[in-house]
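Undergrad: Here it is: the structure, laid out below.
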Amino acid sequence: MLQVEIAGAGPSLVWGHGLLGCMAQEGASGWFHRAGLPVRLVRYDACGHGLSQRPLDSTRYTWPALAADMLTVARQHAGRHYALGGHSLGCASALLAALKAPERVSRLVLATPPAIWQQRAAQQRRYQQMIRLLQGRGLNAFIQLSRRFPALPDWLLQGQPDAAVPQLEALNGFTRELLIALLKGAMLSDLPPPERLASLQQPTLILAWQGDATHPLASAEQLADHLPNAELRVIASRQELGNWPQQIAEFINR
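FYI, the numbering for the sequence shown is 569 to 822, going by our numbering.
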């Protein structure tokens, strides 16, 4: 079972959070959503995260499997037509879900796309290093390393030193075995070849930020090049980040 929350009124947006995050963590950050905006927001804790089910089968955490979950949530809670979106892992889920059910998806919001294609191998090596750390030194060492080197842009951490706190708090809800399974699933994942994306004609808003190796700007730029109806917006300041919720709502209602 997946934990689902629905809030607001307006066009439906089904939204997925990032890897090792959850609805509570993302809500605490405030980066993507704000109460009172004209969107019917359908959020959920992805399998293995938050309050949702937590199997230890790594194949359950590949991007195609998680995209299927997003479609299930959409079918159950968002009606016949809906927008899909997400941050990082949720962005990948939204893209793959749209490829599986393009006739149902009206718009796409792709926030901080993860490393894809040429950038993916370097990220897979990072995941392998994380797995070795977990296997060799345990969960506490993993959390301590995450505290020393938060996966956020320097400009965000300098302007908001506690920006990584929700992410670090979310890590306390995982076991070592579950983290290893999630990271192995991520290692097995990538987007399909770029030419497959040409079939997605939906209006697409791509929101990217600078200075984050886990979410490289090159990935966002490549998606903008290959999605036929995409608009890319790039930020590098807290002030610009604070505009994202309003921009998402305006795009969904355009």
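All C-beta atoms in this analysis are idealised placements derived from N, C-alpha and C, irrespective of residue type, glycine included.
In the structure shown, what three-state DSSP assignment does SER757 receive?
TA: Locating residue 757 in the sequence shown gives position 189, where the first residue counts as 1. In this structure, SER757 counts as coil in the three-state DSSP scheme.
Undergrad: On the criterion of 16 or more Cβ atoms from any shown chain inside 10 Å, does ALA658 qualify as buried, or is it exposed?
TA: As a first step, residue 658 must be located in the sequence shown, where it is residue number 90. The identity of residue 658 in the sequence shown is Gly, whereas the question assumes Ala. GLY658 is buried by the Cβ-count criterion.
Undergrad: For SER626, which residues from the same chain have a beta carbon less than 6 angstroms from its beta carbon, with the 5 sequence-adjacent residues on both sides left out?
TA: Along the sequence shown, read from residue 1 onward, the residue named residue 626 stands at position 58. ALA749, LYS752, GLY753.
Undergrad: Please tell me whether VAL582 and VAL641 are closer than 8 angstroms, where the distance is taken between their beta carbons.
TA: In the sequence shown, residue 582 corresponds to position 14, counting from 1. In the sequence shown, residue 641 corresponds to position 73, counting from 1. It is a contact, given that the beta carbons lie within the stated cut-off.
Undergrad: Helix, strand or coil, according to DSSP, for ARG608 in the structure here?
TA: Mapped onto the sequence shown, residue 608 falls at position 40. If DSSP states are grouped into helix, strand and coil, ARG608 belongs with the strands.
Undergrad: Report yes if the C-beta distance between SER787 and THR630 is below 8 angstroms; otherwise report no.
TA: For the purposes of this step, residue 787 is taken as residue 219 along the sequence shown, with counting starting at 1. For the purposes of this step, residue 630 is taken as residue 62 along the sequence shown, with counting starting at 1. No, the Cβ-Cβ distance between SER787 and THR630 is not below 8 angstroms.
Undergrad: Considering only their Cβ atoms, is the gap separating LEU570 from ASP637 smaller than 8 angstroms?
TA: Translated into positions along the sequence shown, residue 637 becomes position 69. Translated into positions along the sequence shown, residue 570 becomes position 2. Yes, the pair counts as a contact, with Cβ atoms nearer than the cut-off.
Undergrad: If contacts are defined as beta-carbon pairs under 8 angstroms, then GLU573 and ARG611 qualify, I think. What distance do you get, rounded to the angstrom?
TA: Here residue 573 refers to the residue found at position 5 of the sequence shown. Here residue 611 refers to the residue found at position 43 of the sequence shown. Sure, about 5 angstroms apart at Cβ, within 8 angstroms.
Undergrad: Kindly give me the distance between the Cβ atoms of VAL673 and ALA817, rounded to whole angstroms, as I take these residues to be in contact under 8 angstroms.
TA: On the sequence shown, position 105 is the one that residue 673 refers to. On the sequence shown, position 249 is the one that residue 817 refers to. That belief does not hold up - the Cβ atoms of VAL673 and ALA817 are roughly 18 angstroms apart, past 8 angstroms.
Undergrad: With H, G and I counted as helix, E and B as strand and the rest as coil, what does DSSP make of ILE684?
TA: Here residue 684 corresponds to residue number 116 of the sequence shown, with the count starting at 1. Three-state result, ILE684: coil.
Undergrad: Grouping DSSP H, G and I as helix and E and B as strand, with all else coil, what is ARG700?
TA: What you label residue 700 is simply residue 132 of the sequence shown in a count that begins at 1. ARG700 falls in the helix class under three-state DSSP.
Undergrad: Does the count of Cβ pairs from the region 582-602 and the region 645-657 closer than 8 angstroms reach three?
TA: Yes, the region 582-602 touches the region 645-657.
Undergrad: How long is the line joining the alpha carbons of ARG744 and LEU701, rounded to whole angstroms?
TA: Position 176 of the sequence shown holds residue 744. Position 133 of the sequence shown holds residue 701. Cα to Cα, ARG744 sits roughly 10 angstroms from LEU701.
Undergrad: Give the secondary structure of GLY727 by DSSP, where H, G and I count as helix, E and B as strand, and everything else as coil.
TA: Walking along the sequence shown from the start, residue 727 turns up at place 159. GLY727 falls in the helix class under three-state DSSP.
Undergrad: Using only CA atoms, which one of ALA781, GLY598, ILE711 lies nearest to ARG693?
TA: Translated into positions along the sequence shown, residue 693 becomes position 125. ARG693 has its Cα closest to that of ALA781, out of ALA781, GLY598, ILE711.
Undergrad: Take the Cβ of SER597 as the centre, count every other Cβ of all protein chains shown within 10 Å, and call the residue buried at 16 or more, exposed below.
TA: Translated into the one-based positions of the sequence shown, residue 597 becomes position 29. Buried, by the Cβ-count rule.
Undergrad: Give me whichever residues DSSP pairs with ALA575 in a beta bridge.
TA: For the purposes of this step, residue 575 is taken as the residue at position 7 of the sequence shown. Partner(s): LEU609.
Undergrad: Whose CA, out of ASP793, PRO682, GLU737, lies closest to the CA of ASN708?
TA: Your numbering for residue 708 matches position 140 in the sequence shown. For the residues ASP793, PRO682, GLU737, the minimum Cα distance to ASN708 belongs to GLU737.
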